Amino acid sequence: MTEYSLPLPVLEGHSADFYGFCKEGELRFQRCDGCGAWRHVPRELCAECGSWDWTWTRSSGKGEVFTYTVVGRALHPAFADSAPYAVSVVEMEEGVRMLSRVADVDPAELEIGMRVQVDFEAVTEEISLPIFRRATV
Amino acid sequence: MKEACIVGIGQTDYCRKPGSGLSQLALQLQAASRAIGEAGLKPAEIDGIMPFPNLGRAEEFAANLGCQNLRYAATIHMGGAAPAASLQAAAAAVNSGMANYVLLPAGWNGYSGARVRQTVSQDVSSIPGGAIARDYYLPFGFTAPPQWYSVLARRHMHEFGTRSEQLGAIALAMRKHAQLNSSAVMHGKPMTMDDYLASPMLADPYRFFDCCLETDGGAAVVVTTAERARDLGTRPVRILAAASGQPYPADEITNRRDIFRTGLTIAAPEAFGKAGLKPSDVDFAMIYDCFTFEVLQQLEEVGFCERGEGGPFVEGGRIELGGELPVNTHGGLLSEAHVLGMSHIVEAVRQLRGELGERQVKDAELGVVTGWGDFGDGSIALLAR
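First to last, the sequence lines map onto chains A and B.
Residues in the first sequence are numbered from 1 upward in steps of one, following our numbering.
Residues in the second sequence are numbered from 138 upward in steps of one, following our numbering.
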């Protein structure tokens, strides 16, 4: 694998768990054991009901593009060769939103409401990023 | 709420090339010194200092200026919302006796020093959200303010039909006002809608001309009680009410149930309620204009128009001098200089003193100043002559 030069998450605390599941090809979010609320990004306790108990629960992986931007000029040196690139906020069936990208859609063709399905891109031996592809069904 | 007053204002030259030639601290000291002098005060009388977040420490301001009696030092950590939020805290401080005269300095070498985009890429702790941004935003290239806010603008366009030409109307209004302000970096550089639409996309829908300037400069104000203000030589400007607020969650910009509910959504009704006033009473507004859509969004959340109507509201010259609600008569962060929102307070004070000549809002009695910072922190001050 050639050296990966873009910023990576730090595998500490809840992020170690979240990205650990991604490495196994699973998108999991915290789901409160008390009230059943899903949450992302990971938190210490449930802001809805106050419960400290949760379970990393598997997402359907399905969602739709809630909003997006197309970056025409990178403002971080690591992305200088990536522009133009699109960044999307995906609203999952479970209700949480996550920031990612839709990998197989040309930025000019992105649309709010486009249905997408999670996939994983192994960028290093330790880290797989959750990305999306246009849903086939 | 007892009123407090702004009794002194000061600013430096604003510039891009060749840069200020001053340190970040020296720029702010120059503006502070002018504000203190304009108020007719001596530095030893300044016993409160509220530095802008991450741009200086009260101790170094006090030691350089000669504030030998400092007893109140605090910083409101709300990015660009800090100056107007600091007016709220400074008013409370002077009226509770925690300090007599509070200095609010701001300034930086935003052009010749480290650019915001560099700070963000080199120090993740400087990003609102910190480790959240590091682990969930940066790996996907969501790294800088125009990108963070562009997704809000895109969603607004989707829900309400807001158009690029409406964002352009904001950029053009600021540029038009800058032609009447010889301190503005964009003075002598008018812009047309064609210029705006032809500028390159940085973070769709944000073009180059939707984005604020990167400049060197400083500005400062001094706050005291209404009683003390009467004894000073300058014409005081009254702080009728000020308030601040945070979006929820404030540290993560994508997971808000209502993505347009920002800090100002909470702060604006509080400030108008305290003052017993309504948005239609206002003669002018200085809106924190880091990017064009943030102006539109704040106009809606303050209540100058309904949610979703900001696009039509900014058209037809309504926000220009001579219009119904002149916005940013100095040119703002978009066309005067990026002085962190302190320059918006300075301009509001000048409007209320009636000293602005050809860019004076006729008979200005009541003005609004807002702040926007981090992932949507908000602040507002209602100022009156």
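Glycine included, C-beta positions come from ideal geometry on N, C-alpha and C.
Just so we're clear, the structure is a prediction, and the values are computed from it rather than from any experiment.
- Measuring C-alpha to C-alpha distances from residue 129(A) to each of 135(A), 97(A) and 120(A) identifies 120(A) as the nearest.
- The beta carbon of residue 435(B) sits closer than 6 Å to those of 401, 424 and 507, all from its chain and outside the five residues before and after it, given in chain order.
- Rounded to whole angstroms, the gap between the alpha carbons of residue 94(A) and residue 60(A) is 8 Å.
- With contacts defined by Cβ atoms closer than 8 Å, residue 71(A) and residue 284(B) form a contacting pair.
- For residue 54(A), the enclosing beta strand (DSSP E) stretches over residues 54-58.
- Runs of beta strand (DSSP E) with 3 or more residues, each lying fully within the segment 3-52 of chain A, are found at 28-32, listed in chain order.
- Residue range 353-362 is occupied by the beta strand (DSSP E) that includes residue 362(B).
- Secondary structure of residue 88(A) (DSSP, three-state): strand.
- In the three-state reduction of the DSSP assignment, residue 143(B) falls in the strand class, which pools E and B.
- Every beta strand (DSSP E) stretch that sits fully inside the segment 296-381 of chain B and reaches 3 residues is listed by chain position as 338-340 and 353-362.
- The CB of residue 101(A) comes closer than 8 Å to the CB of 277 and 278 in chain B, given here in chain order.
- Below the 9 Å Cβ cutoff, chain B contributes 337, 338, 339, 340 and 345 as neighbours of residue 73(A), in chain order.
- Looking at the DSSP output, residue 423(B) bridges to 506(B).
- Within the model, the alpha-carbon separation for residue 116(A) versus residue 86(A) is close to 14 Å.
- The C-alpha of residue 338(B) is placed about 23 Å away from the C-alpha of residue 449(B).
- When Cβ pairs closer than 8 Å are counted between the two stretches, the segment 325-335 of chain B is seen not to touch the segment 51-60 of chain A, the count staying below three.
- For residue 389(B), the chain A residues whose Cβ falls inside 7 Å of its Cβ are 41, in order along the chain.
- At a cut-off of 8 Å between beta-carbon atoms, residue 511(B) makes no contact with chain A.
- Under a criterion of Cβ atoms nearer than 8 Å, no residue of chain B is adjacent to residue 31(A); the nearest Cβ is some 15 Å distant.
- Taking C-beta atoms as the reference points, residue 188(B) and residue 212(B) count as a pair closer than 8 Å.
- For the C-beta of residue 69(A), the chain B residues within less than 7 Å are, from N- to C-terminus, 284, 287, 288, 291, 340 and 341.
- Within the segment 390-406 of chain B, those residues whose Cβ lies closer than 7 Å to any Cβ of chain A are, in chain order, 391 and 392.
- Contact note: residue 97(A) reaches chain B through 391 and 392, using a C-beta cutoff of 7 Å and chain order.
- For residue 224(B), the enclosing alpha helix (DSSP H) covers residues 219-232.
- Contact of residue 120(A) with chain B is not assigned, every C-beta pair being separated by 8 Å or more.
- By the neighbour-count criterion, in which 16 or more other beta carbons inside 10 Å mark a residue as buried, residue 205(B) falls on the exposed side.
- With the rule of 3 Cβ pairs closer than 8 Å, the segment 140-155 of chain B counts as touching the segment 357-374 of chain B.
- In the displayed model, residue 122(A) falls within a strand according to three-state DSSP.
- DSSP places residue 100(A) within a strand segment (E or B) once states are collapsed to three.
- The alpha carbon of residue 84(A) has as its nearest neighbour, out of 90(A), 75(A), 43(A) and 54(A), the alpha carbon of 75(A).
- Our two residues, residue 236(B) and residue 171(B), have alpha carbons roughly 20 Å apart in a direct line.
- Rounded to whole angstroms, the separation of the alpha carbons of residue 220(B) and residue 269(B) is 26 Å.
- Between the beta-carbon of residue 216(B) and that of residue 265(B) there is about 7 Å, and that keeps the pair under the 8 Å contact cut.
- The beta-carbon of residue 333(B) is placed no less than 8 Å from the nearest beta-carbon of chain A.
- Taking a cut-off of 8 Å for Cβ pairs, the segment 335-350 of chain B and the segment 479-490 of chain B do not touch, as fewer than three such pairs fall below it.
- Residue 249(B) places its beta carbon 8 Å or farther from that of residue 341(B).
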